[in-house]
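J.: Below you'll find the structure I mean.
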Amino acid sequence: MKLPELARVIRSKNASPFLTTIDIIFNDEGAFTRVRDAGVLTPERVAELYGIAPDQVLGVWFVETCLAAKVSFIKPVPSDAFESADLYGAQQHVPMLDLDIP
Amino acid sequence: MAEAHELRIYSATSFLGHGVDANSLRKALEFQPHAIVAQGTTTDAGPSYLGSGKPVMARQALQRDLELIVAAAQEAGVPFICSVGGAGAKPHVELALELLEETARRHGWSLTIGVVWSDVDPQYLLDRLQAGVVMPRLVPVDRFPERLDAETVKASTRIVAQVGPEVLVRLLEEHPDLDGIITGRALDIGLYAALPLRHGFPRALSMHFGKVMEDGALAADPGSGNDGLMGFLRQDHFEVVPVSEERRCTPASVALHAFYERPDPTREANPGGVLDVASARYEQVTERSVRVSGARWIEADEYRVKLEGVRKAGYRSISIGGVRDPRFIAASDQIVQDCYAAVREYFAFLGEGAYHFTIRTYGKNGVLGPSEPLAGAQPHEICLLLEAVSRDQETADSICSFASSFLSHHGFPGRLSTAGNLAIPFSPGRAISAGEVYQWSIWHGLPLEDPGEPFRVEVRQIGGHAGREEGKA
């Protein structure tokens, strides 16, 4: 199953011009637990999805009170760099849409 | 001095200039708020505004929102607290004061307001560096020196620091009759926490209150960027409710708001400490209101505000070309490489590092670049966005112009359309002057013994009889 089938919100945004943060809000407790316990949403997997080094991933958090997960990493290209194409970091959630959840 | 048994604050919008819902603002007055607060500074829109001095939001939008908020505050006889103008440097604050003056004269208001300027004098920083003060970078990005140095300060066009709540608390204490406060770049949370701190509410509660309130009705469901949120602070908790009946707060909407635009879901570094909301409780009280309690404040070793600085990186020119020809699209990766090579060769005379030239291929990987999962896709239409940044506008324009012409007339293998490869949408087309380009040069922490040290604070009259009393508050 792909991540979008289990989540009602998958969004990305800058947390400063140098960090991207991705919020995943799950449909319900079942979906939250399933993804958390599947062990596929990890810093290593995030690094792979975004083509960055694992030490650039600041963390992957599951927050039970919100039934949500947060992923934050250092942008491969800061939002004010000449190579940047996403000033607000608003489309950086897209690689997450393909994440397979067993 | 917990003199206020219950402290009520109205957060009027998510951002000054995004719009203020006038109906909600009117209804909010029925709750008898003790202050109306709105934030209006950000680094979200990029370094260009701090560099150029232009406001992030349109002048008219800023004036309209300020007018609504000040009118409501005047009617209720309570102060307003607003940070203004996007980047929040001197030209932005001056613009807001000019708009406020114009509005006040029109309404016949005579306002006594506190003004906090957030510009940091480069000489002040150089002196502090000379005195051995360590200003560490706040993100592990190679561009920034690990510790701010004199060279970086001197190379920066403009520098501001985030004004913390202590500066506002002091202003409110020393001038209890102010009609309002206008600040430049400020810590968003601090604007909403200032009055609670002044009334002796605990720091953890006050700062968490600020965090929930800072974006108005974005903490409600459905969220809104131009609607407000009413907050009620009591001894050991606070309660929030959107004024508009169309929205409600739920424990999830309030707790999730703490997520927004923050790298860490539970901990946030602030001047003087870390706000930790991991232990916070969110309880539904009425159908539309939520009670919040239990956040922690972890005191830091030193009080530090965030410095933000930019330097000029040149001038930008852009050019847009649409392509529908399947043969061009099939060969586009190679064609783009050919264009890079041609630009490199033709402009070699400018010398090493004299310009940056970039081609983005929208329709293929223009948005995600190397992170694009469908890198091999063959779209039926693409858009090439050419960008050149160089030392002056003319050089940048000439690079874009050359590249656009090259792409239009490039004889790639298999070409049938020998009259031109690009659909250029309008004129001027081959080079559109996009003006000055800035980049962040300073993103460091400034340790302070006195939270107000680098900031100029004044009390001034707006509208009525002009006059001015300068000095530190």
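Protein sequences appear in the order of chains U and C.
Each step along the first sequence adds one to the number in our numbering, with nothing skipped, and position 9 is 313.
Each step along the second sequence adds one to the number in our numbering, with nothing skipped, and position 197 is 421.
Quick reminder that beta carbons are idealized off the backbone N, C-alpha and C, glycines included.
None of the values given here were measured: they were computed from a predicted structure.
Could you check whether ALA285/C and ILE260/C sit closer than 8 Å to each other, using their CB atoms as the reference points?
T.: The Cβ-Cβ distance between ILE260/C and ALA285/C does not fall below 8 Å.
J.: Whole angstroms are fine: how far does the CA of LEU421/C sit from the CA of ALA311/U?
T.: 39 Å
J.: Just to confirm the assignment, what range does the beta strand (DSSP E) spanning GLY334/U have?
T.: From DSSP, GLY334/U is part of no beta strand (DSSP E) but of the alpha helix (DSSP H) over 333-342.
J.: By Cβ distance, which residues of its chain are closer than 7 Å to SER388/U, with the 5 residues on each side in sequence left out?
T.: Annotation for SER388/U: VAL381, PRO382 place their beta carbon closer than 7 Å to its own, counting only its chain and skipping 5 residues before and after.
J.: Which first and last residues belong to the alpha helix (DSSP H) in which CYS624/C is found?
T.: It spans 617-633 - the alpha helix (DSSP H) in which CYS624/C sits, taken as one unbroken run.
J.: Might you give, ordered along the chain, the residues of its own chain that have their beta carbon closer than 6 Å to the beta carbon of GLY691/C, omitting 5 neighbours on each side?
T.: Annotation note: pLDDT 43 at GLY691/C (below 50); position unreliable, coordinate value reported separately. Answer for GLY691/C: GLN685, listed in chain order.
J.: What does the alpha-carbon distance come out to for the pair PHE483/C and ARG471/C?
T.: Rounded to whole angstroms, PHE483/C to ARG471/C spans 20 Å at the Cα level.
J.: Does DSSP classify ILE293/C as helix, strand or coil?
T.: In the structure shown, ILE293/C sits in a helix (DSSP, three-state: H, G or I).
J.: Hey, how far is the Cα of GLY277/C from the Cα of VAL377/C?
T.: 18 Å
J.: Whose Cβ in chain U lies nearer than 7 Å to the Cβ of TRP664/C?
T.: PRO321, ASP384
J.: Can you give me, in chain order, the residues of the region 349-362 of chain U that have a beta carbon less than 8 Å from any beta carbon in chain C?
T.: LEU353, TYR354, GLY355, LEU362
J.: Ordered along the chain, which non-local residues of its own chain (more than five positions away) have a Cβ less than 6 Å from that of HIS229/C?
T.: none
J.: On the DSSP bridge assignment, give the partners of ALA612/C in chain order.
T.: SER541/C, PHE581/C
J.: Compile a chain-ordered list of the residues in the region 570-596 of chain C whose CB is closer than 8 Å to at least one CB of chain U.
T.: HIS580, THR582, ARG584, GLY590, VAL591, LEU592, GLY593, PRO594, SER595
J.: Between which two residues does the alpha helix (DSSP H) containing GLN508/C stretch?
T.: Not the alpha helix (DSSP H): GLN508/C falls in the beta strand (DSSP E), residues 505-508.
J.: Could you name the residues of the region 477-492 of chain C whose beta carbon sits closer than 9 Å to any beta carbon of chain U, in the order they occur along the chain?
T.: ALA479, LEU480, ALA482, PHE483, TYR484, GLU485, ARG486, PRO487, ASP488, PRO489, THR490
J.: Per DSSP, SER517/C is paired with what?
T.: ARG505/C
J.: Comparing the C-beta of ASP268/C with each C-beta of chain U, is any distance below 8 Å?
T.: yes
J.: Given that PRO308/U touches chain C, what residues does it touch there, using C-beta distances under 7 Å?
T.: The premise fails here: PRO308/U is roughly 14 Å from chain C at the closest Cβ pair, so nothing lies under 7 Å.
J.: Kindly say whether PRO279/C, judged by its beta-carbon, lies nearer than 8 Å to any beta-carbon of chain U.
T.: PRO279/C does not count as touching chain U.
J.: Apart from the five residues just before and just after ARG458/C, which ones in its own chain have a Cβ nearer than 7 Å to its Cβ?
T.: GLU230
J.: Please classify ARG361/C as buried or exposed, where buried requires at least 16 other C-beta atoms within 10 Å of its C-beta.
T.: Note on ARG361/C: 16 or more other CB atoms within 10 angstroms of its CB, so buried under the neighbour-count rule.
J.: Quick check on the burial criterion: 16 or more other C-beta atoms within 10 angstroms. Buried or exposed for PHE650/C?
T.: exposed
J.: State buried or exposed for GLY695/C, treating a residue as buried only when at least 16 other CB atoms are found within 10 Å of its CB.
T.: Caution is warranted here: a pLDDT of 44 is assigned to GLY695/C, below 50, making its placement in the model unreliable, and the coordinate value is therefore given only provisionally. With fewer than 16 other Cβ atoms inside 10 Å of its own Cβ, GLY695/C counts as exposed.
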